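Student: As given, the protein sequences belong to chains A and B, one line each in that order.
Residue 1 is where the first sequence starts when you use our numbering, and the numbers rise one by one after that.
Residue 1001 is where the second sequence starts when you use our numbering, and the numbers rise one by one after that.
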Amino acid sequence: MMMAHRAEPLSQELEPMAGSGSPAICVVEDHDEAYHAWKKAGFENKILVHFDAHIDFAWIAPTPETLLEKPSLSEMLSTLHRTPFWRLSEKTEEERTHLGNYIHQAIRANIIREFVWVYPDDPDLTKQTRAVRSTLEAIAAAAPGLFRLIQASDAGYFEGRIYGRRLLAIPYSAYQAYAPQEEVLLDIDLDFFIIQSLYSRHYPYADVRTPCFWLSPAEFVADLHASSLRYKFVTLAYSVEEGYTPLRLKFLGMELAKRLLRSLSEDEECRFEALRELFKPSTRKDPESAVRRLEKLIAVHPNDAALRFNLAMLLLEGNNIPGAAAQYRKAIEDDPTYRTRYNHAGPALLNVGLRRAAQASYERMKQLDPHNPYYRLFELGTLISEKAWARAILLGRELLKDGVDHPVVRGRLAESCLHLRRYHEAWDALGPEPSGSADTAWYQARYLWLKARVAEALNRREDALACYHKLIRHGEHSPSLHRALARLYLRKRNFFKARRHLAKAMRLAILGRMLRWWRPKATWDSKTS
Amino acid sequence: MGFKDLLVRSAPKASERYERAPHVKWRFLEGRAVLIDANEGLFMHLNDVASCIWQGLDGKKSVDQMISDLDNAFDATPHRLRKDALKFLRRLSLMELIRKVESPNV
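#1: Using a beta-carbon distance cut-off of less than 8 Å, what residues from the stretch 486–506 of chain A approach chain B?
#2: Please check if any C-beta of chain A sits within less than 9 Å of the C-beta of residue 1094/B.
#3: Compute the minimum distance between the beta carbon of residue 322/A and the heavy atoms of the ligand PLP, and state whether it is under 8 Å.
#4: Give a yes or no on whether the C-beta atoms belonging to residue 358/A and residue 203/A are separated by under 9 Å.
#5: Let me make sure I understand the geometry here. Which of 354/A, 452/A, 365/A has the alpha-carbon closest to that of residue 327/A?
#6: Return the first residue and the last residue of the alpha helix (DSSP H) that residue 972/B is part of.
#7: How far does the alpha helix (DSSP H) with residue 427/A in it reach, from first residue to last?
#8: Report the residues of the stretch 1026–1040 of chain B with a CB closer than 7 Å to any CB of chain A, ordered along the chain.
#9: Can a CB atom of chain A be found closer than 9 Å to the CB of residue 1124/B?
#10: So with CB distances below 9 Å, who are the chain A contacts of residue 1045/B?
#11: DSSP state of residue 530/A, grouped into three classes?
#12: So which residues on chain B does residue 473/A lean against when the C-beta distance must stay under 9 Å?
#13: State the beta-bridge partners of residue 151/A as determined by DSSP.
#14: Alpha carbons only, please: which of 352/A, 134/A, 500/A is nearest the one belonging to residue 207/A?
#15: Is residue 430/A closer than 9 Å to residue 414/A when the C-beta atoms are compared?
#16: Between 459/A, 287/A, 304/A, 322/A, which lies nearest to residue 334/A when the distance is taken from Cα to Cα?
#17: On the criterion of 16 or more Cβ atoms from any shown chain inside 10 Å, does residue 523/A qualify as buried, or is it exposed?
#18: What do you reckon, are the CB atoms on residue 154/A and residue 99/A nearer than 9 Å?
#19: So which residues of chain B does residue 68/A contact, with C-beta pairs closer than 9 Å?
#20: So, do the stretch 1057–1075 of chain B and the stretch 1085–1100 of chain B have three or more beta carbon pairs nearer to each other than 8 Å?
#21: Could you tell me which chain B residues have their CB closer than 7 Å to the CB of residue 419/A, listed as they occur along the chain?
#22: Could you check the C-alpha separation between residue 466/A and residue 319/A for me, to the nearest Å?
#23: Could you give the residue range of the alpha helix (DSSP H) that holds residue 313/A?
#24: Using a Cβ-Cβ cutoff of 8 Å, what residues of the stretch 443–476 of chain A are near chain B? List them in chain order.
#25: Using a Cβ-Cβ distance cut-off of 9 Å, determine whether residue 479/A contacts chain B.
#26: Can you find the residues in the same chain that come closer than 7 Å, C-beta to C-beta, to residue 135/A, ignoring five residues on each side of it along the sequence?
#27: Do the stretch 490–510 of chain A and the stretch 1068–1083 of chain B touch if we need at least three Cβ pairs shorter than 8 Å?
#28: Do residue 152/A and residue 166/A have their C-beta atoms within less than 9 Å of each other?
#29: Can you say whether residue 1095/B is buried or exposed, counting buried as having 16 or more other CB atoms within 10 angstroms of its CB?
#30: Do you know offhand how far residue 163/A's Cα is from residue 169/A's?
#31: Just mark residue 1072/B as buried or exposed, buried being the case when its beta carbon has 16 or more other beta carbons within 10 Å.
#32: Based on Cα-Cα distance, which residue from 200/A, 38/A, 263/A lies nearest to residue 219/A?
#33: Can you find a C-beta in chain B that's less than 9 Å from the C-beta of residue 65/A?
#34: Strictly by DSSP, which residues pair up with residue 570/A?
#35: First and last residue of the beta strand (DSSP E) that includes residue 38/A?
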């Protein structure tokens, strides 16, 4: 389920055993909760060693207040120079923290003094190094004053400055040579274990489409113990909620957390190994023996949700629907977090534009959980794309009645009403603005567009203007937005502003066409298209 | 509303009072006003005369009073100051950075 912004992280903390010297482990669902955990623990000026296959330190544009706090005009202008200014949001930087930029926020909040990004090892070092380099260079280009790349080597070692603090990007094979004198904060994303190539065509959703177990938690912990890193606080993130790590791999987090605290019992080793075996190519060829093995383990551990959920998915692949449904029901009974919007690959596949594959995934899961209202969101999207507005209205209302009060439902319901010119109903459907978080930024922008259009239709000029202005602050910068503003100002008889916005709209339209014309031809990937 | 009315609609009159629009964030920096219009995504830094006018836009002083303040502070002809101040106020009004105060709360 897509979650709204939380002030407090939804984390599970595994406390160290008394006198054991074990670290405190904080298991989080979304990676940005790690920032809240560090803040809550009161860390300051720490070194962060971050194991991740994705880049989690994108930049956050400043607020008007931050800009005005600058001590001199020249500093203000230089900040402005590197700021896409139309992104001035009313929200604070803390409110705009999400799983793509929480490290940036932690650096700004002085929690982190030095940041070490350890990225996966790949057999093709040249390609991997090139991918990391291009990622770092892209950030440096977006915010040259905030991020600077100082040194880059062919061995994949990068050094830079982020907010004037030291940044290191090193491959996994080289991190053991990094030996700071003090205790560090360890931060591990589970996708680190299943994404090996950062240049893969399926990146960043490689863990959904082609998970590759290049490193096991056991190997990782052994390497960690062999290194000279000292740590007392570890954050582990699943990143399930954005569709990155598949929910079937949730056991990796528990395995890693347990291994970091103590050595596993033989029984636990056997269970985790059986789960990992499921993702090996040999198991895919012979799923029946995997099913038998899981069934045997479930007989011994009937309340293990990870075993049951994985068995359900295996049975589903083998078209044993009743068996799969029974196992799924028991799994979500034992651990309700397995009944989420992201318990299958559909949303992630939709994000990469693979609609047909996403539909197949949704259809499969609906066989197991026909009453899961989140699966019907996809159906709503399909009705909208087919322009079946009346049916979309019916379904949208049904979903709202079932308690799926998601911005997508409200937005699509309002869109359908708008197309049928039922403006008052559209206005009611939109309701209050969805509470802000970076993962709902897209929905908020959509909400504002719809609200502005409905307000215009209802002749509520001031409401429409407020929505369009908010869109500007959200970072919207399109000819249609400025055309709409010009239209509204024209109706308000403010010709000065109308002319300015019309000129802006024309400028953007011409620029857009030119950029489209100049854009190099994309190398089209037939498998992802 | 005639065409002429539309043209002169935003021209400030001597007796009128104006105040800064609430959505405009501003601060005095190095003796000059820096304005941020978050609605439009605009950043402006004003010159000395404009900063002085901006500072006076508190809804208490009339346009005439502001111009006479300028007269005391700057070494320019009164005619020139009045012309520039009115032009600047008109532009601020068109940009919706200031708004007219209907009942002065002096």
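C-beta: ideal position from N, C-alpha, C; glycine also.
Bear in mind the structure is a predicted one, so any value in this text is a computation, not a measurement.
Tutor: The short version:
#1: Correct list: 493, 494, 495, 496, 497.
#2: The count along the second sequence starts at 1 and reaches residue 1094/B at position 94. Output row for residue 1094/B: interface = yes.
#3: What this structure holds is no ligand at all, so the ligand PLP is not there to describe.
#4: Counted from its first residue, the first sequence places residue 358/A at position 358. Counted from its first residue, the first sequence places residue 203/A at position 203. Not closer than 9 Å, so no.
#5: What you label residue 327/A is simply residue 327 of the first sequence in a count that begins at 1. Among 354/A, 452/A, 365/A, the Cα nearest to that of residue 327/A belongs to 365/A.
#6: Residue 972/B falls outside the range modelled here, since chain B spans only 1001 to 1106, and no answer is possible.
#7: Taking the first residue of the first sequence as position 1, residue 427/A is located at position 427. 423–430 is the extent of the alpha helix (DSSP H) around residue 427/A.
#8: Within the stretch 1026–1040 of chain B, 1027, 1029, 1030, 1034, 1036, 1038, 1039, 1040 place their CB atoms closer than 7 Å to a CB of chain A, listed in sequence order.
#9: Outside the shown range of chain B (1001 to 1106) lies residue 1124/B, about which nothing can therefore be said.
#10: Indexing the second sequence from 1 puts residue 1045/B at position 45. Near residue 1045/B (Cβ distances below 9 Å), the residues of chain A are 73, 76, 77.
#11: What the structure shows of chain A is the stretch from 1 to 529, and residue 530/A is not part of that stretch, so it cannot be assessed.
#12: Counted from its first residue, the first sequence places residue 473/A at position 473. Those within 9 Å of residue 473/A in chain B are 1038, 1039, 1041.
#13: As a position in the first sequence, residue 151/A is number 151, starting the count at 1. Residue pairing by DSSP places residue 151/A opposite 159/A in a beta bridge.
#14: As a position in the first sequence, residue 207/A is number 207, starting the count at 1. The shortest Cα separation from residue 207/A among 352/A, 134/A, 500/A belongs to 352/A.
#15: Your numbering for residue 414/A matches position 414 in the first sequence. Your numbering for residue 430/A matches position 430 in the first sequence. In this structure, residue 430/A lies closer than 9 Å to residue 414/A by Cβ.
#16: For the purposes of this step, residue 334/A is identified with residue 334 of the first sequence, where counting begins at 1. The shortest C-alpha separation from residue 334/A is found at 304/A.
#17: Here the question's residue 523/A lines up with position 523 in the first sequence. Confidence is the limiting factor: at residue 523/A the pLDDT is only 39, short of 50, which leaves the residue's position unreliable and the question unanswerable from this model.
#18: Translated into the one-based positions of the first sequence, residue 154/A becomes position 154. Translated into the one-based positions of the first sequence, residue 99/A becomes position 99. Contact: no.
#19: Reading the first sequence from its first residue, position 68 is the one you call residue 68/A. Neighbours of residue 68/A on chain B, chain order: 1025, 1026, 1027, 1029, 1034, 1036.
#20: Two segments are said to touch when three or more pairs of C-beta atoms, one from each, lie closer than 8 Å; by this definition the stretch 1057–1075 of chain B touches the stretch 1085–1100 of chain B.
#21: Reading the first sequence from its first residue, position 419 is the one you call residue 419/A. Chain B residues near residue 419/A: none, gap ~29 Å exceeds 7 Å.
#22: As a first step, residue 466/A must be located in the first sequence, where it is residue number 466. As a first step, residue 319/A must be located in the first sequence, where it is residue number 319. CA-to-CA, the gap between residue 466/A and residue 319/A works out to about 52 Å.
#23: On the first sequence, residue 313/A is found 313 positions in, with the first residue counted as 1. Start and end: 305–317.
#24: Residues of the stretch 443–476 of chain A with a Cβ closer than 8 Å to any Cβ of chain B, in chain order: 469, 472, 473.
#25: Translated into the one-based positions of the first sequence, residue 479/A becomes position 479. By this cut-off, residue 479/A is not an interface position.
#26: Counted from its first residue, the first sequence places residue 135/A at position 135. Taken in chain order, the residues that qualify are 55.
#27: Because the criterion of three Cβ pairs below 8 Å is not met, the stretch 490–510 of chain A and the stretch 1068–1083 of chain B do not touch.
#28: Counting from 1 along the first sequence, the entry for residue 152/A is found at position 152. Counting from 1 along the first sequence, the entry for residue 166/A is found at position 166. With contacts defined by Cβ atoms closer than 9 Å, residue 152/A and residue 166/A do not form a contacting pair.
#29: As a first step, residue 1095/B must be located in the second sequence, where it is residue number 95. Residue 1095/B counts as buried, since no fewer than 16 other beta carbons sit within 10 angstroms of its beta carbon.
#30: Here residue 163/A corresponds to residue number 163 of the first sequence, with the count starting at 1. Here residue 169/A corresponds to residue number 169 of the first sequence, with the count starting at 1. The straight-line gap from Cα to Cα measures roughly 16 Å.
#31: As a working note, residue 1072/B is residue 72 in the second sequence. Its Cβ having fewer than 16 others within 10 Å, residue 1072/B is exposed.
#32: Indexing the first sequence from 1 puts residue 219/A at position 219. That would be 263/A, whose Cα lies nearest to the Cα of residue 219/A.
#33: Counting from 1 along the first sequence, the entry for residue 65/A is found at position 65. At a cut-off of 9 Å between C-beta atoms, residue 65/A counts as an interface residue with respect to chain B.
#34: The shown model of chain A, from 1 to 529, leaves out residue 570/A, and the question about it has no answer.
#35: Counting from 1 along the first sequence, the entry for residue 38/A is found at position 38. For residue 38/A, there is no enclosing beta strand (DSSP E); the residue is found in the alpha helix (DSSP H) stretching over 33–41.
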